[in-house]
Amino acid sequence: MSKKNRTNDRASRAAAALEEQERQERRRRNLMVGGVVGVILLIILGGYFLSRSLDTTTDVTADAPSSSSEFGVTIGPDDAPNKVVIYEDFLCPYCGELEKRTRDDLAQLADDGKVQVEYRPFNLLGGDDDESYSVRSAGAFSIVLDKEDAAVAKKFHDLLYENQPEESGPFPKSSELADLAVEAGADESAVRSPIENNEGVDWVTKATKAAGDAGVQSTPTILLNGEVFQSGTTLDDLANDLIAKLQ
Amino acid sequence: MKEWVGLLLRLVVGGVWIVAAGLKVTDPAQSVAAVRAYQLLPGSLVTPVGQLLPVIELVVGVMLVIGLLTRGAAVISAILFVAFIIGIASVWARGINIDCGCFGGGGADPDAASQYPWEIARDVALLAASVFLVWLPSTKLSLDSLLFRRTPVSEGS
């Protein structure tokens with residue numbers, strides 16, 4: 100307190116009272132701001148926990164891969180220690196990237212008996228359009244899977260990714276898909292006409308429903324031993340970490 | 104006059120936040136996927152950020168609209184817009200084509216590149232509005248002016 104305050108001067112008493120009033124005012128303000136901030140933080144925390152409980156990202160409950168699965172092609176032995184399921188759309192660019200980075204390693208690991216991998220194509224990007232590339236390619240895949248053995252179906256699957264169109268098109272015609280199937284080793288007389296007539300639509304509808312029922316919302320969705328596998332920042336990380344886990 | 108401009112900006116920016124959050128907040132899985140698609144955050148951070156972002160957007164939006172702790176809300180709003188601008192610029196520069204996930208959606212989108220400039224422009228405008236509110240947080244019709252009004256100081260006695 101200044102010297103002035105100790106005098107009996109009216110003005111200085113008034114100034115002191117004013118100062119006191121301002122101090123109280125500041126205190127009240129700070130308390131209120133603190134209280135409001137506290138309440139807001141509580142709301143955010145509550146919202147976060149609610150949001151966490153609503154997050155269905157990892158609620159994918161798909162069957163384990165098996166060599167007799169209806170909706171996919173499987174490589175690797177049934178008694179492999181690790182089981183991987185990859186849900187994919189032949190049009191999805193990230194699926195194509197993942198394929199590029201993991202295909203050879205996964206094939207090698209499957210050959211070594213270290214992993215069983217099932218590729219389950221379905222229609223994510225084609226919507227309701229039966230003539231979309233997603234539907235036609237997955238349908239063609241189902242026809243090859245049905246008529247030929249798993250090795251040919253896997254080869255066709257690989258060729259579809261090697262020849263993946265841009266997501267915005269232009270898209271290969273169904274006759275070109277049939278060409279790829281034949282290139283993969285399928286019997287032309289058995290597969291060409293069903294592929295060109297897009298007879299796989301029903302299978303694609305069922306496979307897509309099965310993927311939806313399993314909770315798959317995006318592609319690629321990778322399941323490692325029944326759990327959604329996500330890792331790292333980039334697709335490169337994801338591919339490398341997956342392979343590392345399986346070594 | 105500036106206080107009325109502040110009110111308008113509060114309503115616009117806050118409204119945008121509320122709409123953006125409202126479209127996302129019920130589907131955290133989508134929001135997490137949208138964050139992941141930027142390929143910017145390490146895997147362990149993607150999930151909490153994706154789950155938390157819509158909640159924070161909603162809270163900031165409501166705070167701005169009702170004018171509660173306007174300066175603080177505007178600071179967070181500005182920080183978020185800076186982060187989004189960096190995020191979009193970064194995917195653009197890396198040639199990744201994704202839906203920005205700004206208003207729901209997210210993930211791969213082949214036509215995304217044509218959207219990026221407009222999205223960045225929009226976020227810059229909203230950032231400018233947020234900065235204005237950080238600078239002049241005292242606005243018309245705000246809860247702040249009710250709650251934290253300085254009691255008129257009596258002049259002497």
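If you read the sequences in order, they're chains A and B.
Per the numbering used here, the first sequence starts with residue 100, numbered consecutively.
Per the numbering used here, the second sequence starts with residue 104, numbered consecutively.
Here a beta-carbon is modelled for each residue, glycine too, at the ideal position from N, C-alpha and C.
Exercise. For the ligand MG, any of its heavy atoms closer than 7 Å to the Cβ of B/Phe-206?
Worked result: Within the structure as shown, the ligand MG is missing, as the structure has no ligands at all.
Exercise. What does B/Ala-132 reach in chain A if we use C-beta pairs closer than 7 Å?
Worked result: Those within 7 Å of B/Ala-132 in chain A are Asp-154, Thr-155, Thr-156, Gln-316.
Exercise. Hey, B/Leu-263 and B/Thr-173 are a contact pair by Cβ (cut 8 Å); roughly how many whole angstroms apart?
Worked result: A question about residue 263 of chain B goes unanswered here, because the residues of chain B that appear run from 104 up to 260.
For this session: Using a cut-off of 8 Å between C-beta atoms, extract the partners of B/Thr-129 located in chain A.
Result: For B/Thr-129, the chain A residues whose Cβ falls inside 8 Å of its Cβ are Leu-153, in order along the chain.
Exercise. When the Cα of A/Ser-236 is compared with those of A/Asp-248, A/Asn-324, A/Ser-274, which residue comes out closest?
Worked result: Cα-wise, what sits closest to A/Ser-236 is A/Ser-274.
Exercise. Who are the neighbours of B/Arg-159 on chain A, taking C-beta pairs under 7 Å?
Worked result: The residue asked about is misnamed: residue 159 of chain B is Ile in this sequence, not Arg. Near B/Ile-159 (Cβ distances below 7 Å), the residues of chain A are Ile-143.
For this session: Could you check the C-alpha separation between A/Arg-151 and B/Gln-142 for me, to the nearest Å?
Result: Their backbone Cα atoms lie some 21 Å apart in a straight line.
Problem set entry | Where A/Glu-119 meets chain B, residues with beta-carbon distance less than 8 Å | What A/Glu-119 touches in chain B: nothing, since even the nearest Cβ is about 12 Å away.
Problem set entry | Rounded straight-line distance, which links the Cα of A/Thr-157 to that of B/Gly-175 | When rounded, the separation of the alpha-carbon atoms in B/Gly-175 and A/Thr-157 is 35 Å.
Problem set entry | 7 Å Cβ shell around B/Leu-144 - same chain, five flanking residues per side excluded | Excluding residues within five positions, the ones whose Cβ falls inside 7 Å are Val-138, Val-152.
For this session: Could you name the residues of the same chain whose beta carbon sits closer than 8 Å to that of A/Glu-118, not counting the 5 residues immediately before and after it, in chain order?
Result: Counting only Cβ-Cβ distances below 8 Å, and skipping sequence neighbours, we find nothing.
Problem set entry | When A/Val-315, A/Ala-114, A/Leu-341, A/Arg-128 are compared against A/Leu-224, the one with the closest alpha-carbon | Measuring from the Cα of A/Leu-224, the nearest candidate turns out to be A/Val-315.
Exercise. For the stretch 321–334 of chain A, which residues have a CB atom closer than 9 Å to at least one CB atom of chain B, in sequence order?
Worked result: Within the stretch 321–334 of chain A, the qualifying residues are Gln-329, Ser-330, Gly-331, Thr-332, Thr-333, Leu-334.
Exercise. Which word fits A/Ser-267, buried or exposed, when buried means at least 16 other C-beta atoms lie within 10 angstroms of its C-beta?
Worked result: In this structure A/Ser-267 is exposed. Its beta-carbon is surrounded by fewer than 16 other beta-carbon atoms within 10 angstroms.
Problem set entry | Unbroken stretches of the beta strand (DSSP E), 3 residues or longer, contained in the stretch 317–342 of chain A | Runs of beta strand (DSSP E) with 3 or more residues, each lying fully within the stretch 317–342 of chain A, are found at 320–323, listed in chain order.
For this session: Could you give the DSSP three-state label for A/Arg-219: helix, strand or coil?
Result: Residue state for A/Arg-219 is assigned as strand, using DSSP reduced to three classes.
Exercise. Is the beta carbon of B/Ala-124 less than 8 Å from the beta carbon of B/Gly-209?
Worked result: In this structure, B/Ala-124 sits away from B/Gly-209, with a CB-CB distance that is not shorter than 8 Å.
Problem set entry | Cβ shell of A/Leu-323 (< 6 Å), same chain only, five flanking positions each side left out | If we look at A/Leu-323 and ignore the five residues flanking it on each side, its Cβ neighbours are Val-183.
Exercise. Is the distance from the Cβ of A/Asp-364 to the Cβ of A/Pro-220 below 8 Å?
Worked result: Summary: the structure shown does not reach residue 364 of chain A, with chain A confined to residues 100 through 346, and so no result is reported for it.
For this session: Identify every residue that forms a DSSP beta bridge with B/Cys-205.
Result: Paired residues: B/Gly-207.
Exercise. Looking only at DSSP bridge pairs, what is A/Tyr-232 linked to?
Worked result: None, per the DSSP bridge assignment.
For this session: For my contact list, B/Val-114 and B/Val-178 are in at a C-beta cut-off of 8 Å; report their separation, rounded to the angstrom.
Result: Checking the sequence shown, residue 114 of chain B turns out to be Leu, not Val. About 18 Å; that fails the 8 Å criterion.
For this session: Work out the CA separation of A/Phe-270 and A/Tyr-232 for me, nearest whole Å.
Result: Straight-line spacing of the CA atoms in A/Tyr-232 and A/Phe-270 works out to 7 Å.
Problem set entry | Cutoff 8 Å: A/Val-132 Cβ touching any chain B Cβ | Yes, its Cβ sits closer than 8 Å to a Cβ of chain B.
Exercise. So is B/Ala-211 in contact with chain A if we call contact Cβ pairs under 8 Å?
Worked result: Taking Cβ atoms only, chain A reaches closer than 8 Å to B/Ala-211, which makes this a yes.
Exercise. Roughly how many angstroms separate the alpha carbons of A/Gly-146 and A/Ala-283, rounded to a whole number?
Worked result: Put simply, the backbone Cα of A/Gly-146 is about 52 Å away from that of A/Ala-283.
For this session: Assuming A/Val-243 contacts A/Val-290 (C-beta within less than 8 Å), just tell me the rounded distance between them.
Result: Between A/Val-290 and A/Val-243 the Cβ distance is about 6 Å, and since that is below 8 Å, they are a contact.
For this session: Kindly list, in the order they appear in chain A, the residues whose Cβ is closer than 7 Å to that of B/Asp-214.
Result: Under the 7 Å cutoff, chain A gives Ser-267.
Problem set entry | Burial state of A/Thr-318 (16 or more Cβ within 10 Å) | Buried: at least 16 other Cβ atoms inside 10 Å.
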